[in-house]
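These notes are about the structure you will find just below.
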Amino acid sequence: MSTIEFNQMLVKNADFLKPFAITLTRDSEAAKDLFQETLYRALANKDKYNVGTNIKAWLYTIMRNIFINNYRRKVKQNVIFDSTPNDFLIDQSQAVTINGAEGTLRLKDIQAAIHNLPEIFRNPFLLYFDGFKYHEIAEMLDEPLGTIKSRIHFARKLLKTQIHRF
Numbered sequence: 001m002s003t004i005e006f007n008q009m010l011v012k013n014a015d016f017l018k019p020f021a022i023t024l025t026r027d028s029e030a031a032k033d034l035f036q037e038t039l040y041r042a043l044a045n046k047d048k049y050n051v052g053t054n055i056k057a058w059l060y061t062i063m064r065n066i067f068i069n070n071y072r073r074k075v076k077q078n079v080i081f082d083s084t085p086n087d088f089l090i091d092q093s094q095a096v097t098i099n100g101a102e103g104t105l106r107l108k109d110i111q112a113a114i115h116n117l118p119e120i121f122r123n124p125f126l127l128y129f130d131g132f133k134y135h136e137i138a139e140m141l142d143e144p145l146g147t148i149k150s151r152i153h154f155a156r157k158l159l160k161t162q163i164h165r166f
């Protein structure tokens with residue numbers, strides 16, 4: 001499918017998203033932002049759209065996922081309003097002082113725990129930790145993608161049990 005055809009199909013099927021955005025956000029300005037973000041993501045990921053599938057369902061899914069991610073992000077923020085006349089924002093997470101020596105000791109323990117993992121789990125985990133994607137690791141190690149995901153998952157579980165005491 002060409003870019004022009006995709007853009008035309010997107011514009012033709014985009015109007016139904018506005019009421020859905022208002023239903024999700026219950027705010028017209030937030031709905032406009034959600035609508036724009038959805039169209040932007042659809043355009044940015046047009047290569048992931050499978051020709052012949054329901055574009056409305058694809059766009060609904062994009063919008064719903066953006067809304068859920070934004071909601072989760074807002075819930076995690078620890079921002080409170082100060083009642084002073086200047087209305088400064090205070091970020092609670094910046095009030096922590098970190099002990100560098102203690103952090104170095106913990107880092108050494110974590111590195112030792114990673115080193116003690118069985119090799120079958122350690123190699124995929126270290127590659128993933130270095131920033132490689134699952135499919136890249138699968139190609140490098142000549143293993144199926146599901147096997148790589150499973151090994152990384154089990155490596156995390158093992159590390160979590162070893163390091164939980166911190």
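In the UniProt record's numbering, the protein residues as written are 1 to 166. The beta carbon of each residue, even a glycine, is placed where N, CA and C say it ideally should be. Because the structure is a prediction, the values reported are computed rather than measured.
Kindly indicate which three-state DSSP category residue i falls into: helix, strand or coil?
i: Met9; result: helix
i: Val51; result: coil
i: Phe166; result: Per-residue confidence for Phe166 stands at a pLDDT of 48, beneath the threshold of 50, marking its modelled position as unreliable; the derived number appears in the next sentence. Correct three-state label for Phe166: coil.
i: Gly131; result: coil
i: Asp15; result: coil
i: Leu117; result: coil
i: Pro144; result: coil
i: Ser2; result: coil
i: Arg26; result: coil
i: Gln77; result: coil
i: Asn69; result: helix
i: Asn45; result: coil
i: Lys160; result: helix
How many whole angstroms separate the CB atoms of residue i and residue j, which I take to be in contact at a CB cut-off of 8 Å?
i: Lys46; j: Phe6; result: 5 Å
i: Ile137; j: Ile120; result: 13 Å between Cβ atoms; not a contact.
i: Thr38; j: Ile62; result: 5 Å
i: Leu10; j: Ala42; result: 6 Å
i: His135; j: Leu127; result: Actually they are not in contact, since the Cβ atoms of His135 and Leu127 sit about 12 Å apart, beyond 8 Å.
Within its chain, find whatever has a CB closer than 7 Å to the CB of residue i; leave out the 5 residues flanking it on each side and keep chain order.
i: Phe35; result: Leu17, Lys18 and Ala21
i: Asp142; result: none
i: Ile110; result: Ile163
Spatial neighbours of residue i within its chain, please: C-beta separation below 6 Å, excluding the five flanking residues on both sides.
i: Thr53; result: none
i: Ala113; result: Leu159, Gln162 and Ile163
Between which residues of its own chain and residue i is the CB-CB distance below 8 Å, once the five residues before and five after are set aside?
i: Arg156; result: Phe125
i: Ala57; result: none
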